[in-house]
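Notes follow the structure.
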Amino acid sequence: MHIVEYRFRMKTTVAAAFALAVTAVSCNWNASTRYAPGRMPLVEINGDVLYEDELQQALPLGLSPADSADFADRYIRNWVQDAMFYQNAARNIPDTRDIDRLVENYRRSLIEHEYQRRIIAQKFSAEISDSQIEQFYNDNLHLFELDEPLIRGLYLKLSVRSHDIAKIRRLYTETDDESFEEIEKFCVRNAARQEFFYDKWRSTAEIEVLLPPMEKPLEELLKTDSCFEFRDDEYIYLLNVSEYAPKGGIEPLEHARGRIVGLLVNSNEVNYIRRIKEELYESAIDNNRLIFHKERK
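In numbering that gives the first Met the number 0, the protein residues as written are 0 to 296.
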């Protein structure tokens with residue numbers, strides 16, 4: 000079946016196009032080709048077969064019949080081109096032993112990786128303890144030098160037309176629960192943006208993008224102050240920094256915790272896999288399944 004013929008049939012409806020394609024192709028099956036049982040072939044070139052279900056799976060949802068026909072036409076054309084290019088490559092590279100070896104090595108790597116993933120998932124469901132995290136942190140402080148400043152605090156973005164801004168100016172530097180409640184009520188009424196991050200470290204770059212353009216970077220301003228008010232034509236921006244970790248300093252443990260857990264888990268995984276491999280090796284020797292064809296020295 001030609002692509003043009005298939006495209007014409009696809010123009011009716013998607014369902015009708017598949018039905019017509021199946022009917023047309025089924026009359027021209029090649030007796031020498033081994034077709035997959037239960038699958039309907041659509042296009043065939045030198046024994047390579049494109050099946051109906053492959054095209055159906057590739058077809059995006061929500062396309063009109065005309066767009067579906069265009070997509071099918073491009074998909075079939077690309078499939079035929081790729082199939083013929085591969086066949087041409089295979090004819091011109093008859094010796095594929097090196098490629099076969101690479102494929103087998105890659106297949107082995109994939110199987111080993113999947114097996115390792117599964118046994119590790121079973122083994123390491125337990126958490127790393129806080130004492131392990133703290134011990135690793137204290138023993139490896141050189142790994143946690145900051146390449147950007149971190150801060151904790153409060154960020155507010157208020158409309159210049161908001162009421163009671165003077166009250167919020169008094170409250171935003173306070174850190175008690177009552178002040179937080181008042182600020183939250185104000186922000187709900189005035190549709191302002193608020194970010195409480197007193198318990199979470201954020202990079203100055205993350206916060207700086209929330210502020211209007213400034214003459215000096217936030218990192219520079221933090222050297223002399225911790226409370227800031229910025230303004231543009233539409234908004235007032237308030238920032239209270241409760242804690243500051245400068246660039247070049249040591250990353251706070253709370254911020255480094257996730258990375259430390261990853262490092263410790265990875266170390267445990269490596270040791271566990273190494274131990275399994277060693278046990279398998281010793282088992283092969285103990286059970287006389289390992290054959291050395293040359294005398295070991």
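The beta-carbon is built from N, C-alpha and C at its ideal position, and this holds for glycine as well.
Please read these numbers as outputs of a predicted model, since none were measured by experiment.
Within the model, the alpha-carbon separation for N91 versus I127 is close to 55 Å.
Judged by DSSP in its simplified three-state form, N286 adopts coil rather than helix or strand.
If you ignore the 5 residues before and after V260, its C-beta comes within less than 7 Å of the C-beta of I127 and I132, all in its own chain and listed in chain order. Judged by beta-carbon spacing, E250 lies beyond the 9 Å limit of L155, meaning their Cβ atoms are not closer than that value. C-alpha of Y236 to C-alpha of E253: approximately 27 Å in a straight line. Within a 10 Å sphere around the beta-carbon of L109 sit fewer than 16 other beta-carbons, which makes this residue exposed. Counting other Cβ atoms within 10 Å of its Cβ, E277 stays below 16 and is therefore classed as exposed. Between L153 and F185 the beta-carbon gap is near 13 Å, outside 8 Å, which marks them as no contact. A191 carries a coil assignment under DSSP once its states are collapsed to helix, strand and coil. For H162 and E183, the gap between their C-alpha atoms comes out near 14 Å. Leaving aside the five residues that flank S178 on each side, the residues in its chain whose CB is nearer than 6 Å to its CB run, in chain order, L170. Within the same chain, Cβ atoms closer than 8 Å to the Cβ of D232 are found at V159, the five residues on either side in sequence being excluded.
The beta carbons of Y74 and L58 sit closer together than 9 Å. In the DSSP assignment, V240 is bridged to G152.
Within its own chain, the residues whose Cβ lies closer than 7 Å to the Cβ of Y197, once the five positions on either side in sequence are excluded, are R151, G152, L153, T174 and S241, listed in chain order. Boundaries cannot be given for D232, as no alpha helix (DSSP H) includes it and DSSP labels it neither H nor E. A direct Cα-Cα distance of roughly 13 Å separates I275 from R116. Pairwise C-beta distances place the region 31 to 48 in contact with the region 79 to 87, as three or more of them are shorter than 8 Å. For Y50, the three-state secondary structure derived from DSSP is strand. Along the region 166 to 212, the alpha helix (DSSP H) occurs as fully enclosed runs of 4 or more residues at 176 to 189 and 203 to 207, listed in sequence order. Within the same chain, I127, Q131, I132 and F135 come within 8 Å of L263 by CB-CB distance, once the 5 residues on both sides are set aside.
Checking the DSSP bridge columns, you'll see F227 partnered with L238.
Distances from the CA of L238 to each of I284, T172 and N189 were compared; the closest alpha carbon is that of T172.
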